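S.K.:
2 protein chains.
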Amino acid sequence: MTVNTPWLDRRQLRAWIRLRAVLELLPGTLDTQLRNDANLTEFEYTALAMLSEAPDRTLRMTGLAQRTNATLPRLSHVVARLEKRGLVERFPCPENRRATNARLTQEGWAKVLQAAPGHVAAVRRYVIDALTDEQVDQLTAIGDAVLAALDPSGKGAVLYTHYDEEQDPGQGSY
Amino acid sequence: MTVNTPWLDRRQLRAWIRLRAVLELLPGTLDTQLRNDANLTEFEYTALAMLSEAPDRTLRMTGLAQRTNATLPRLSHVVARLEKRGLVERFPCPENRRATNARLTQEGWAKVLQAAPGHVAAVRRYVIDALTDEQVDQLTAIGDAVLAALDPSGKGAVLYTHYDEEQDPGQGSY
DNA sequence: CCGGAATGGTTGTAGCTACAAGTTTGCTGG
DNA sequence: CCAGCAAACTTGTAGCTACAACCATTCCGG
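As you go down the protein sequences, you meet chains E and Y in turn.
For the first sequence, the positions run 0 to 173 when numbering that gives the first Met the number 0 is used.
For the second sequence, the positions run 0 to 173 when numbering that gives the first Met the number 0 is used.
(1) Along the chain, where does the beta strand (DSSP E) containing P54 (chain E) start, and where does it finish?
(2) Classify T67 (chain E) as buried or exposed, calling it buried when 16 or more other Cβ atoms lie within 10 Å of its own Cβ.
(3) Could you give the residue range of the alpha helix (DSSP H) that holds V135 (chain E)?
(4) Output needed for L39 (chain Y): all residues of its chain with C-beta closer than 8 angstroms, excluding positions within five of it in sequence on either side, in chain order.
(5) Does P93 (chain E) come within less than 7 angstroms of chain Y when only Cβ atoms are used?
(6) Quick one: measure Cβ to Cβ for A129 (chain Y) and A148 (chain E), integer angstroms, because I've assumed they're closer than 8 angstroms.
(7) May I ask you to report which of helix, strand or coil DSSP gives A48 (chain Y)?
(8) Does any C-beta atom of chain Y lie closer than 7 angstroms to the C-beta of V77 (chain E)?
(9) Check this for me: beta carbons of A140 (chain Y) and L138 (chain E), under 7 angstroms apart or not?
(10) Could you have a look at N38 (chain E) and say whether DSSP puts it in helix, strand or coil?
(11) I need the DSSP call for V87 (chain Y), collapsed to helix, strand or coil.
(12) Could you tell me which residues DSSP pairs with T28 (chain E) in its beta bridges?
(13) Short of 8 angstroms Cβ to Cβ, which residues in the segment 110 to 134 of chain Y face chain E?
(14) Measuring only the C-alpha atoms, how far is G169 (chain Y) from L7 (chain Y)?
(15) Under a Cβ-count criterion, where at least 16 other Cβ atoms within 10 Å of its own Cβ denotes burial, should I16 (chain E) be classed as buried or exposed?
(16) Within 7 angstroms of any Cβ in chain E, is that where the Cβ of P72 (chain Y) sits?
(17) Using a Cβ-Cβ distance under 7 angstroms, would G169 (chain E) count as near chain Y?
(18) L50 (chain Y) and R56 (chain Y): beta carbons closer than 7 angstroms?
(19) Terminal residues of the continuous beta strand (DSSP E) containing L103 (chain Y)?
(20) With DSSP run on the structure shown, which of helix, strand or coil describes G171 (chain E)?
(21) Which residues in the same chain as E82 (chain E) place their Cβ atom closer than 7 angstroms to its Cβ, once the five residues preceding and following it in sequence are excluded?
(22) Taking the beta carbon of R199 (chain Y) as the centre, do at least 16 other beta carbons fall within 10 Å, making it buried, or is it exposed?
(23) Which residue from E:T70, E:R10, E:Q11 and E:L12 puts its Cα closest to that of E23 (chain Y)?
(24) Compute the Euclidean distance between the alpha carbons of L25 (chain E) and L112 (chain Y), then round it to the nearest angstrom.
(25) Are there 16 or more other CB atoms within 10 angstroms of the CB of E43 (chain E), so buried, or fewer, so exposed?
(26) What's the C-alpha gap between C92 (chain E) and A37 (chain E)?
(27) With distance defined between alpha-carbon atoms, name the residue in Y:V78, Y:N35 and Y:G153 nearest to G107 (chain Y).
(28) Residues of chain Y with a CB under 8 angstroms from the CB of T139 (chain E): which are they?
(29) Indicate the three-state DSSP secondary structure (helix, strand or coil) for L7 (chain E) in the structure shown.
What follows is the structure in structure tokens.
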């Protein structure tokens, strides 16, 4: 939160170079693991996981888009593909006729159960277990700061903080 | 670096949710800024920037791939497009006839000069200036830990640490 | 109660990335 | 000195994402 001068000094540049590398390398690595083990993208896994934790394993497209940090067009395409694979089904929302609900099928639930252990292991291996407990908390704070800068209105923040109060561990997909 | 139990506890999950969101949102945001201002991808900018800082503004494809954390096929396609736009030129490496050199053209250099201020401002806005000085250093350490887990052989590490010793600030593209 | 804006979504398409395959050049052991 | 393997790319293509355009509902002010 220093003065807003142009260019990055050496320390700042160091941090940015690291972050840039992580941004470039981590998603592909996670995708590869998940693709080999379960024929899923990390994004697809996240979508299925969010559905699996929702009441009745159902969410409106907009809600699912927020929870996965995706745009609606992107999500629409992805869910269409997941539906073709029988992992998800869509049906019109009764309360709002312009809305669409997405619900996890039995097959989709089975897919999450199958994929979860390997994916969690990958997240541990490449992120969580590579860090000290202190660094894990630092990462949370840094993530919050960056997300606040990305989305000053803080619409997404509600969703992040939802997980902060979550009870009942071990039931989910992480 | 705790014991390797399955699933994530609440603190770990919090951190992962944040990181996932950053991974999803930050690249698109940076791409959008750069695309509007300079008709470049963040990846393309990085490639041009790395060339601009290299001796004679020239690098071998492999070297450029390492510095941009890209696979060779990807880089090959990207450089082909940059070449068509006149920002880069390729020529066979005299010392090793199977290698290819990529060199920044005058136009490419001009493009970097034009794009740099806005891009650096975006990096500041969404990352650096959103963090305290302490957090910047924490991010460096966290990045190092994750990158080490991603690439245990540490081939890339040399390139990250290169920036740690860099002198002569203000000349570059960040 | 109705016209216009906003909400919630889908679809079409261009462009980028991943993966697999192929080519040329260099290296190394027998 | 040459067979086989590795290095350093390039190319083809399938699949995913971004962007823009579009359609159907719902909300809201006058």
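Idealized CB from N, CA, C, for every residue including glycine.
Values in this document were obtained by computation on a predicted structure and should not be read as measured data.
M.R.: Result, derived from the coordinates:
(1) Note, P54 (chain E): premise wrong, no beta strand (DSSP E); not H, not E.
(2) buried
(3) D132 to L149
(4) L33, L47, K110 and A114
(5) no
(6) 4 angstroms
(7) helix
(8) no
(9) no
(10) coil
(11) strand
(12) Paired residues: none, contrary to the question.
(13) P116, V119, A120, V122, R123, R124, Y125, V126, I127, D128, A129, L130, T131, D132 and Q134
(14) Interpretation of G169 (chain Y) is limited by its pLDDT of 49, a score under 50 that renders its predicted location unreliable; no figure is taken from the coordinates.
(15) buried
(16) no
(17) With a pLDDT of only 49 at G169 (chain E), under 50, the local geometry of the prediction cannot be trusted, and no value is derived from it.
(18) yes
(19) T99 to L103
(20) coil
(21) E88 and R89
(22) Examination of residue 199 (chain Y) is not possible in this model, given that chain Y is present from 0 through 173 alone.
(23) E:T70
(24) 30 angstroms
(25) buried
(26) 30 angstroms
(27) Y:V78
(28) R10, R13, A14 and R17
(29) coil
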